[in-house]
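Presented below is the structure to which this report refers.
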Amino acid sequence: MKRICLLTTLLLSFSLEIAAQADYPTAAAKIQRYYNRQLADSLYGMFGNSIKSALPPDQTRAMLSQLQNQLGDMMRLTPTGGDASYHTWKADFAKGTLTMILALNAGNQLEGFRFVPYQEKKTTENEVDNYNLTTTDATIRGTLTLPVSNGPVPVVLIIAGSGPTDRDGNNNMGLKTNAYKMLAETLQADGIACVRYDKRGVGASATGKLETDISFEGTINDAAGFIKMLKADKRFSSVIVAGHSEGSMIGMLAIQRSPADKFISIAGAGEPIDIILQRQLAAQSPPLAAKAKSMLDSLKQGHSVVNTEPALQNLFYPAVQPYMMSWVKYDPEKEIGQLKIPVLIIQGNTDAQVSVKDAKHLKQGAPTAQLEIIDQMNHVLKDAPASGGINDITYADPTKPLNTQFVKDVKNFIKSR
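Numbering-wise, the sequence shown is residues -22 to -1, 1 to 395 according to mature numbering (1 follows the signal peptide of the UniProt record, and there is no 0).
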């Protein structure tokens, strides 16, 4: 979980050009056969123009090889749903499970093909999609936990961190924390409502849009849409936005578009993403950091880049560059200073991904904000030492409770006048 992860790996592009009589079963069977036999050229021959332009033959071969090395053979494909624009399958590999999403054009060519983390359908009462945002091009699905009350109550909107992290704080890349679900349940028990949602392209909010059309701006607008819904909902007395990790930046920007009453930054970065990435890469490989810097500078200027360095493929994959372009232009220290509402900045001192220094940067941007440094709390909001196996184990233990001081600080801030 410590590696750089901007989006899900190995994502391919999407389109809404659909065939009236698209033969999805045949296409899925061919993909399974070509994948298992590593027939990259045959798979490339199935691509429509939009994928061919984003994924040339050499990158198709690299993608198949990387998937094979990580997951082994594709053992079975089970249809799981879809609509007129795309179909989905549960793809069981020898070493894991993903969801495969396909879209076919009028010539039965692939105009959409991507793998995302597989998530079992949720069936318990607290997991239903009972608070959804409908936009012009997607439905963003969320869960409302509402306490028993005789009148309006505060409501917290939880915005998840980066990558395919879902509304509960889990993903299929090894993250199993239930952190957001636990927070929602403990708030509910104390008379505070909560809405948490799967971000665009994640879990139940998967869309049929081109990967290149999913932008950081889109995630901000989705969060702003939820804030607007909550402000108009008479069941709620106030709206508090709580953003975790990347969700912190999304939250502070969303509030500028749709005002809320309070903001909580939880383990939020305090510097622009290009600075953070350069620092992380420099610690791993200075030569790679130097190559990445020039590409990040180009993205910051709004120019796409051509990456020839295999080690940077996931970071500068063509389909994710539009997302990076819309993300890299923001400085969290400046943006948090734009908020004219009460702000709480929370940071654990054993967080291996975001540091206390980041929290202090945010505090510099918002001098009147309340800053809480939580002793022995890591990035997934659990008790853990600074390093070693115990810290890592918390990323895969959904039963370990949240740090008690963290919960106390959040509740006190929500209830404060």
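From the three backbone atoms N, C-alpha and C, an ideal C-beta is built for every residue, glycine too. Quick caveat: nothing in here was measured; it's all calculated off a predicted structure.
| Query | Result |
| --- | --- |
| Asp1 vs Asn86 beta-carbon contact at 7 Å | yes |
| Bridge-paired residues (DSSP) for Asp361 | Met355 |
| Nearest-angstrom Cα separation, counted from Val388 out to Thr77 | 35 Å |
| Assigned secondary structure, Asn104 (DSSP; H/G/I helix, E/B strand, else coil) | The pLDDT assigned to Asn104 is 42, lower than 50, so where the model puts this residue is not dependable; a value taken from the coordinates is nonetheless given after this. The answer is helix: DSSP assigns Asn104 an H, G or I state. |
| Separation of Gln16 from Leu161, as counted between CA atoms | 44 Å |
| Nearest-angstrom beta carbon gap, Gly280 and Met303 [assumed within contact, 8 Å] | 6 Å |
| Straight-line Cα distance separating Lys335 from Pro345 | 15 Å |
| Residue nearest to Leu88 in terms of C-alpha spacing, selected from Lys177, Glu287, Pro320, Ser20 | Ser20 |
| Supposed close pair residue 426, Arg213 - CB separation, criterion 8 Å | Since the first residue of the chain shown is -22 and the last is 395, residue 426 is not available in this structure. |
| Three-state class that DSSP yields for Thr190 in the structure shown | In this prediction, Thr190 scores a pLDDT of 48, lower than 50, which makes its location untrustworthy; no coordinate-derived value is stated. |
| Nearest residue (CA-CA) to Gly315, options Gln348, Asn369, Thr114, Ser183 | Gln348 |
| Gly59 versus Leu80, Leu45, Gln46, Leu266, residue with shortest Cα-Cα distance | Leu80 |
| Per DSSP, cross-strand counterpart(s) of Pro95 | Leu76 |
| Selection from Ser140, Lys159, Phe93 that minimises the alpha carbon distance to Leu122 | Lys159 |
| Contact belief for Leu231 with Asp252 at Cβ below 8 Å, rounded distance in angstroms | About 17 Å; that fails the 8 Å criterion. |
| Contiguous alpha helix (DSSP H) assignments of at least 4 residues, all confined to the region 153 to 235 | 157 to 167, 194 to 210, 224 to 235 |
| Simplified DSSP assignment, three categories, for Gln279 | coil |
| 7 Å Cβ cutoff met for Val219 and Ile233 | yes |
| Same chain only: Cβ atoms within 7 Å of Asn104, ignoring 5 sequence neighbours per side | Because the pLDDT of Asn104 is 42, which lies under 50, any placement of that residue in the model is unreliable, and the number read from its coordinates should be weighed accordingly. For Asn104, where only same-chain residues beyond five positions count, the Cβ hits under 7 Å are Thr121, Thr123. |
| Sequence-distant residues of its chain with Cβ nearer than 7 Å to Met374 (five each side left out) | At residue 374 the sequence reads Ala, which differs from the Met that was named. Around Ala374: Gly152, Lys154. |
| Cβ shell of Asp70 (< 7 Å), same chain only, five flanking positions each side left out | Met53, Arg54 |
| First through last residue of the beta strand (DSSP E) which encompasses Ala69 | 65 to 71 |
| At least 3 beta-carbon pairs within less than 8 Å: the region 290 to 299 vs the region 310 to 329 | no |
| Pairwise C-alpha distance: Gly141 and Tyr96 | 14 Å |
| Segment contact, 8 Å Cβ cut-off, at least three pairs: the region 357 to 371 with the region 129 to 137 | no |
| 7 Å CB neighbourhood of Lys393 in its chain, flanking five on each side removed | none |
| Same chain only: Cβ atoms within 6 Å of Pro57, ignoring 5 sequence neighbours per side | Trp67 |
| Local conformation of Lys307 per DSSP, three classes | coil |
| Secondary structure of Ser263, DSSP reduced to three states | coil |
| Ile371, buried or exposed, once every other Cβ within 10 Å from all chains shown has been counted against 16 | exposed |
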